[in-house]
Amino acid sequence: DAGVIQSPRHEVTEMGQEVTLRCKPISGHDYLFWYRQTMMRGLELLIYFNNNVPIDDSGMPEDRFSAKMPNASFSTLKIQPSEPRDSAVYFCASTYGSYNEQFFGPGTRLTVL
Amino acid sequence: ILNVEQSPQSLHVQEGDSTNFTCSFPSSNFYALHWYRWETAKSPEALFVMTLNGDEKKKGRISATLNTKEGYSYLYIKGSQPEDSATYLCASPTSGTYKYIFGTGTRLKVLA
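Put into structure tokens, the structure is as follows:
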């Protein structure tokens, strides 16, 4: 398996633009997590899905952020409109079953100018 | 403890030294404790998943212990090598959910 795949790896955009980050989890995994890493707050969970259903989105900072998982092999995290304070590295991770180790993707480094 | 906390924040050791660091987590309604190793410019990789009080796990020169009653876990590295330089993260899910809270990590630098 290729592991968790994220795209793009780097994204530079201007304030106000829509940004879409993509994630393909490991085949067979039933949990998918979106994290954001910043210097100030470290690694924080934004939202997680179980069997494609969003379970907890309490970490999503505000309405500008949305996430979907239309099928077991694809998820998106969208920011609209983007702001400079959204600049961070966004990680996607997946796992199978209860409380097992999470497998992280390479991350997307987002810069909003 | 309401959060996952790690200490120290950073650590410099000489090659060959043994070292350890601490992760503290809420002890009530404990489900699991994860340790991850995070090298610069890479993504976190799992070291250990611990679930039972008294658990001890080992992978090569790295080992970990777990005390769920008092809410702490120790990570030990024996005979540190420069390639052990990384940030070590711990994480625990909040009660009854899969909402993992990560500590801010311990940044280890092993000097050759």
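Chains as they are written, first to last, in the numbering used here: chain A, 29 to 141; chain B, -19 to 92.
Even glycine gets a Cβ: it sits at the ideal position worked out from N, Cα and C.
In chain B, which residues lie with their C-beta within 7 Å of the C-beta of residue i?
i, result
"residue 84 of chain A", "77, 79"
"residue 119 of chain A", "23"
Along chain B, which residues have their Cβ under 8 Å away from the Cβ of residue i?
i, result
"residue 128 of chain A", "29"
If we count the other Cβ atoms within 10 Å of its Cβ and call it buried at 16 or more, is residue i buried or exposed?
i, result
"residue 114 of chain A", "buried"
"residue 66 of chain B", "buried"
Which residues in chain B have a C-beta closer than 9 Å to the C-beta of residue i? List them in chain order.
i, result
"residue 59 of chain A", "78"
Roughly how many whole angstroms lie between the Cα atoms of residue i and residue j?
i, j, result
"residue 53 of chain A", "residue 37 of chain B", "27 Å"
"residue 85 of chain A", "residue 48 of chain B", "27 Å"
"residue 45 of chain A", "residue 108 of chain A", "7 Å"
"residue 105 of chain A", "residue 48 of chain A", "6 Å"
"residue 32 of chain A", "residue 15 of chain B", "19 Å"
"residue 35 of chain B", "residue 46 of chain B", "5 Å"
"residue 90 of chain A", "residue 62 of chain A", "15 Å"
"residue 92 of chain A", "residue 30 of chain A", "31 Å"
"residue 40 of chain A", "residue 112 of chain A", "10 Å"
"residue 88 of chain A", "residue 79 of chain B", "12 Å"
"residue 42 of chain B", "residue 42 of chain A", "44 Å"
Mind listing the chain A neighbours of residue i? Cutoff is C-beta to C-beta under 9 Å, in chain order.
i, result
"residue 32 of chain B", "The premise fails here: residue 32 of chain B is roughly 12 Å from chain A at the closest Cβ pair, so nothing lies under 9 Å."
"residue 85 of chain B", "70, 71"
Kindly say whether residue i, judged by its beta-carbon, lies nearer than 8 Å to any beta-carbon of chain C.
i, result
"residue 12 of chain B", "Among the chains of the structure shown, chain C does not appear; the protein chains present are A and B."
Along chain A, in chain order, which residues have C-beta atoms closer than 8 Å to that of residue i?
i, result
"residue 26 of chain B", "129, 130, 131"
For the beta strand (DSSP E) containing residue i, name the first residue and the last one.
i, result
"residue 30 of chain B", "25 to 30"
"residue 82 of chain B", "80 to 82"
"residue 59 of chain A", "59 to 66"
"residue 98 of chain A", "93 to 99"
"residue 122 of chain A", "116 to 123"
For residue i, go through chain A and note every residue whose CB falls closer than 7 Å to its CB, in chain order.
i, result
"residue 82 of chain B", "70, 71"
"residue 73 of chain B", "127"
List the residues that DSSP assigns as beta-bridge partners of residue i.
i, result
"residue 82 of chain A", "A:77"
"residue 47 of chain B", "B:52"
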